[in-house]
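As given, the protein sequences belong to chains A and B, one line each in that order.
Numbers in the numbering used here are just positions in the first sequence, counted from 1, shifted up by 580.
Numbers in the numbering used here are just positions in the second sequence, counted from 1, shifted up by 580.
The block underneath contains the structure these notes are about, expressed in structure tokens.
Protein chains: 2
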Amino acid sequence: MLSKKTKYALHALTYLGKHRDEKTVLIQDIAEDHGISHKFLENILLELKKAGILGSKKGKGGGYYLIKEPKDIPLSKVIRLLDGPIALLPCVSLNYYEPCAECKDEATCGINKVMIQVRDETLKILENKTLEDILKT
Amino acid sequence: MLSKKTKYALHALTYLGKHRDEKTVLIQDIAEDHGISHKFLENILLELKKAGILGSKKGKGGGYYLIKEPKDIPLSKVIRLLDGPIALLPCVSLNYYEPCAECKDEATCGINKVMIQVRDETLKILENKTLEDILKT
DNA sequence: ATAAACCCTATCATTTTTATAGACTTTATA
DNA sequence: TATAAAGTCTATAAAAATGATAGGGTTTAT
């Protein structure tokens with residue numbers, strides 16, 4: 581399951597996607613619209629900004645806005661950013677690799693082999709579904 | 581990522597699959613082979629038993645054994661049992677459905693729609709990969 | 001009778017996630 | 001140029017989930 585962080589991020593991105601005609605959107609507006617804590621959402625939007633997905637404008641009249649096309653924001657990117665690895669095991673993660681303590685030899689581990697396949701097929705899904713898919717339904 | 585519980589379960593199932601010639605296998609042997617806590621593993625094997633995946637024999641000379649064919653033990657079953665939902669959001673879970681608090685209307689929520697698609701495609705993968713795939717590599 | 005081995009429930013420790021707090025900086029505008 | 005609005009940043013606290021341990025109970029081969 582996705583963490584609330586990622587879930588909130590998706591709601592925020594959706595909201596921003598639906599308000600692309602406006603220059604900026606307030607954290608407060610998104611938070612209120614979904615009943616999310618303003619301060620919690622603040623941290624999330626900041627992370628999305630640092631990742632190059634959102635832009636922001638400070639000061640009075642400021643706010644957040646999408647800096648990328650919805651079609652260029654795949655679910656995989658959002659999930660990795662806020663939840664970490666997409667792989668089911670650390671020993672098959674592309675971005676967060678770590679060996680598994682209970683595995684004696686990765687090279688001959690059947691679990692490892694199968695999980696690599698699962699990872700690749702899962703990535704195909706999550707890289708192809710984008711914010712655009714969420715917006716167009 | 582999978583919890584350690586699920587990861588250990590997969591290792592235990594793999595071990596049991598490799599020792600199908602023996603009548604029973606001791607918890608202790610599996611635990612030692614992978615450096616897992618005996619007691620923790622005990623709980624896991626018990627759950628696998630209650631789920632109808634393993635059988636056991638009590639008393640001296642007892643132990644655990646696979647009660648199903650490896651090809652009939654899909655990853656989806658093991659993951660659901662020990663980790664819970666495969667869906668990324670509670671509002672699209674087939675087995676553990678719950679509404680999402682921050683979603684005003686599921687029927688018109690684009691996130692919901694896309695996550696249903698992700699769930700279905702993910703299930704296709706996890707229902708088709710079985711213990712057999714792990715054993716044969 | 002005894003020892004081996006699984007069965008069951010409760011509890012504790014650790015880690016991760018979720019949420020909050022508050023001071024700081026930037027900027028529009030009256 | 002003072003003020004209020006709005007994002008930035010770091011720290012910490014609260015809650016939940018996960019991982020691990022403990023110990024007594026029951027079954028069974030010998």
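Ideal Cβ placement from N, Cα and C applies to all residues, glycine included.
Counting only beta-carbon separations shorter than 7 Å, does T717(A) have a partner in chain B? In the first sequence, counting from the first residue as 1, residue 717(A) sits at position 137. Chain B, which has a Cβ nearer than 7 Å to the Cβ of T717(A), makes this yes.
Report the neighbours of T604(B) on chain A: residues whose CB is nearer than 9 Å to its CB, in chain order. As a working note, residue 604(B) is residue 24 in the second sequence. In chain order: nothing, as chain A lies at least about 22 Å away.
C-beta atoms of I564(B) and V698(A) nearer than 7 Å: Residue coverage of chain B in this structure runs from 581 to 717, which leaves residue 564(B) outside it and unanswerable.
Mind pulling the chain A residues with CB within less than 8 Å of G615(B)? In the second sequence, the residue the question calls residue 615(B) occupies position 35. Neighbours of G615(B) on chain A, chain order: A681, E682.
Please compile the residues from chain A whose C-beta is within a distance smaller than 9 Å of the C-beta of D713(B). Indexing the second sequence from 1 puts residue 713(B) at position 133. Within 9 Å Cβ-Cβ: G690, K693, V694, Q697.
Between the segment 676–693 of chain A and the segment 592–611 of chain A, are three or more C-beta pairs nearer than 8 Å? no
Is P650(B) close to chain A, meaning its C-beta is less than 7 Å from at least one C-beta of that chain? Taking the first residue of the second sequence as 1, we reach residue 650(B) at position 70. Not closer than 7 Å to any Cβ of chain A, the Cβ of P650(B) fails to qualify, so no.
Cβ-Cβ separation, P650(B) to L711(B) (assumed contact under 8 Å), whole Å: The residue given as residue 711(B) occupies position 131 in the second sequence. The residue given as residue 650(B) occupies position 70 in the second sequence. Rounded, the Cβ-Cβ distance is 4 Å, consistent with contact.
7 Å Cβ cut-off: residues of chain B touching E701(A): Position 121 of the first sequence holds residue 701(A). The answer, in chain order, is I705.
Would you verify that the beta carbon of L582(B) is, or is not, closer than 7 Å to some beta carbon of chain A? As a position in the second sequence, residue 582(B) is number 2, starting the count at 1. Interface residue, yes.
For L674(B), tell me which candidate among S656(B), D685(B), T688(B), E682(B) has the shortest Cα-Cα distance. Locating residue 674(B) in the second sequence gives position 94, counting from the first residue. Closest option to L674(B), Cα to Cα, is S656(B).
Is R660(A) buried or exposed, if buried means 16 or more other CB atoms sit within 10 Å of its CB? Against the first sequence, residue 660(A) aligns to sequence position 80. When all chains shown are included, R660(A) counts as buried.
When the distance is taken between beta carbons, is L628(B) closer than 7 Å to L634(B)? Locating residue 634(B) in the second sequence gives position 54, where the first residue counts as 1. Locating residue 628(B) in the second sequence gives position 48, where the first residue counts as 1. Yes, the Cβ-Cβ distance between L634(B) and L628(B) is below 7 Å.
Which chain A residues sit within Cβ distance under 8 Å of L669(B)? Indexing the second sequence from 1 puts residue 669(B) at position 89. Near L669(B) (Cβ distances below 8 Å), the residues of chain A are M581, L582, K587.
Which partner residues does L646(A) have in the DSSP bridge list? As a working note, residue 646(A) is residue 66 in the first sequence. L646(A) pairs with L634(A).
Please give the ranges of any alpha helix (DSSP H) in the segment 581–607 of chain B, keeping only runs that are unbroken, at least 4 residues long and fully inside the region. 584–598
Would you kindly check if the distance between the Cβ of I714(A) and the Cβ of T594(A) is under 7 Å? Taking the first residue of the first sequence as position 1, residue 594(A) is located at position 14. Taking the first residue of the first sequence as position 1, residue 714(A) is located at position 134. Going by C-beta atoms, T594(A) is nearer than 7 Å to I714(A).
Show which residues of chain A have a CB atom less than 7 Å away from the CB atom of L626(B). To locate residue 626(B), count along the second sequence from 1; it is residue 46. Under the 7 Å cutoff, chain A gives no residues; its nearest Cβ is about 19 Å from L626(B).
Rounded to whole angstroms, what's the CA-CA distance from I653(A) to Q608(A)? Just pull it up for me. Along the first sequence, read from residue 1 onward, the residue named residue 653(A) stands at position 73. Along the first sequence, read from residue 1 onward, the residue named residue 608(A) stands at position 28. So the alpha carbons of these two residues sit roughly 23 Å apart.
Check the C-beta distance from G664(A) over to I647(A) and give it rounded, since I have them as a contact under 8 Å. The residue labelled residue 664(A) in the question sits at position 84 within the first sequence. The residue labelled residue 647(A) in the question sits at position 67 within the first sequence. Going by Cβ atoms, the distance from G664(A) to I647(A) rounds to 23 Å, so no, they are not a contact pair.
Neighbour flag for P721(A) against chain B, beta carbons, 7 Å: Residue 721(A) lies beyond the range of chain A shown here (581 to 717); nothing can be said about it.
Find the residues of chain B that neighbour H618(A), judging by a C-beta separation of less than 8 Å, and give them in chain order. As a working note, residue 618(A) is residue 38 in the first sequence. Chain B residues near H618(A): none, gap ~13 Å exceeds 8 Å.
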